[in-house]
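Written below as structure tokens is the structure these notes are about.
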Amino acid sequence: MGRLILPSAVKEFKKLDKTTSARILSCLKEVAKLNDPTMRGKGLTGNLTGYWRYRIGDYRVITQIQNGEMIITVIKINHRSKVYEKV
683 MGRLILPSAV KEFKKLDKTT SARILSCLKE VAKLNDPTMR GKGLTGNLTG YWRYRIGDYR
743 VITQIQNGEM IITVIKINHR SKVYEKV
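Number 748 in the working numbering belongs to position 66 of the sequence shown; there are no gaps in the numbering.
This is the structure in structure tokens:
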């Protein structure tokens, strides 16, 4: 399964403390191993339809999953109070 992290998500990821970033990276690796990554996350609705959310403690990872090629694109990583702003 392919993974792609947008530059803006990488920037947000680098701002996190080591413990949080390790937890998020571990979760993303687990999701990448799944045959169907939608089994673990939650589909978003409204203006975020087509995106998936993975909850890691107080942080959220917003992704877009392209089923045809099983590519996970990480759109945004941030604290739950800020993650849905400007997605």
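All residues carry an ideal CB built from backbone N, CA and C; glycine is no exception.
Cβ-Cβ separation between I757 and A691: approximately 6 Å, consistent with a contact (criterion under 8 Å).
V743 is bridged by DSSP to Y736 and I759. I687 sits away from I738, with the two beta carbons spaced by 8 Å or more. Straight across, the Cα-Cα distance linking Y741 with P719 is about 18 Å. Contact check for W734 and G725: beta-carbon distance about 6 Å, within the 8 Å limit, so the pair qualifies.
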